[in-house]
Amino acid sequence: MKINSSPIQEISSSLLQAKDIRLLLKRDDLLHSKISGNKWRKLKFNLLKFKELDVEKILTFGGAFSNHIEATAAAGKAYNFPTVGIIRGEKIEPLNLTLTFAESCGMRLKFISRTEYREKNKPDFLEKLKKEFGDFYALPEGGSNALAIKGCREIITETEEQLEILPDYFCVCCGTGGTMAGMIAELEGRAKVLGFSALKGDFLTQEVVQLLQQSESPLYENWQINTDYHCGGYAKWKPELIEFINDFKRKNKIPLDPIYTGKMLCGIYDLIEKKYFEKGTTILAVHTGGLQGIAGFNARFGQLIDV
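Per numbering that gives the first Met the number 0, the very first residue in the sequence shown carries number 0; after that it's consecutive.
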């Protein structure tokens, strides 16, 4: 179950040169063809725990376009165990590309109302699911739990092995906060961590605090979550975001997704332009994958993103 470390790639641009900023990108999108980015890191120790237990399947939760649902289904196929996906919202046919892929990997899908979905963490609801599907190893939405944080800590240990010095800033996009929590825990206050929320609202800060507490990590003060670049909320977008994603790919040969990494990099460039970072700063941004979302996005909105 071992996968090689993801490479670190330096990004060049006239803006970075003019502002005297060094930008590095940790290419977690290259970790695995189907279980890429932070999804592999979150699943790694959960899969090892699952193998220790006397249960045959993993059950997890997500929306209709969830990277986590796709990654869990792919892991089930790759390592030969059954998976169940509890999907938020009504079933719409034909299924989108994400759910079609999940089914092709053998994942059983159950669609529930948004009202029911809010009960997903309650013991009574989980017991009801066990009566329907039998015993299972439950993974939370987005895969974020204490074992996921353990996996995401490896982003920092790998970076330390690959670079001679720690960057001044680590930047990461946030959906549930698990990746960011792992990075904070491993850094132990030695560098700043700046998260970029893909969601509208400021609740993710408390989510990160709770995940750090679950993993018994001290609550360091070297981090914050920026909520200015979500483009109106989860899966929302603006023309300038799409323009940035396409321009970034043309110049750097690196694809970005419109839900997470595109918003993060767009935000980083805007903050550099606004002189948020001091001259001479080194930034390492984590490319958390999610590239499967591009096909679904283009299917919904037209071929806006270059592939």
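We put the beta carbon where it would ideally sit given N, CA and C, even for glycine.
Assigned exposure category for N3 - 16 Cβ within 10 Å defines buried: With fewer than 16 other Cβ atoms inside 10 Å of its own Cβ, N3 counts as exposed.
DSSP state of E153 mapped onto helix, strand, coil: Helix, per DSSP.
Stretch-stretch touch, CB-based, cutoff 8 Å, three pairs: the segment 89-107 with the segment 116-127: No: the two stretches stay apart, fewer than three of their Cβ pairs being nearer than 8 Å.
Backbone secondary structure at K90 - three-state DSSP: In the structure shown, K90 falls within a coil segment according to DSSP collapsed to helix, strand and coil.
Residue of T97, S13 and E55 minimising C-alpha distance to R299: Considering only alpha carbons, the answer is T97.
Contact belief for L198 with H229 at Cβ below 8 Å, rounded distance in angstroms: Indeed they touch by this definition, with Cβ atoms about 6 Å apart.
A17 versus I267 - alpha carbon distance: Answer to the nearest angstrom: the Cα atoms are 15 Å apart.
Burial state of P257 (16 or more Cβ within 10 Å): Its Cβ being crowded by 16 or more others within 10 Å, P257 is buried.
Residues bridged to A63 (per DSSP): Answer by DSSP bridge pairing: none, since A63 is not bridged.
Beta-carbon separation (whole angstroms), L185 vs I155, contact threshold 8 Å: Contrary to the premise, residue 185 reads as Glu rather than Leu in this sequence. That belief holds up - the Cβ atoms of E185 and I155 are roughly 4 Å apart, short of 8 Å.
8 Å Cβ shell around I59 - same chain, five flanking residues per side excluded: Checking the sequence shown, residue 59 turns out to be Thr, not Ile. If the five residues before and after T59 are omitted, its C-beta is found closer than 8 Å to the C-beta atoms of H67, I68, T71, T82, V83, G84, I85, A137, L138, P139, E140 and G142, all from its own chain and listed in chain order.
Touch test, the segment 206-225 against the segment 165-184, Cβ-Cβ under 8 Å, three pairs minimum: The segment 206-225 is in contact with the segment 165-184.
T114 - DSSP class collapsed to helix/strand/coil: In this structure, T114 counts as helix in the three-state DSSP scheme.
Rounded C-alpha distance that separates E102 from N79: Taking the CA atoms as reference points, E102 sits about 14 Å from N79.
Beta-carbon proximity check, A294 vs Q213, cutoff 8 Å: It is not a contact, given that the beta carbons lie outside the stated cut-off.
contact_flag[the segment 160-175, the segment 246-254] where n(CB pairs < 8 Å) is 3 or more: Contact fails: fewer than three Cβ-Cβ distances are below 8 Å.
Within 8 Å, strictly: CB atoms of G231 and E206: Note that the C-beta distance between G231 and E206 is not below 8 Å.
Contact between the segment 38-49 and the segment 273-285 (3+ Cβ pairs under 8 Å): Touching, no.
Inter-residue spacing [alpha-carbon to alpha-carbon] between A147 and S112: Distance between the alpha carbons of A147 and S112: 27 Å.
Residue range of the beta strand (DSSP E) that includes V208: Annotation: V208 is outside any beta strand (DSSP E); the continuous alpha helix (DSSP H) that includes it extends over L203 to Q213.
Distance CB(S5)-CB(K33) smaller than 8 Å: No. Outside cutoff.
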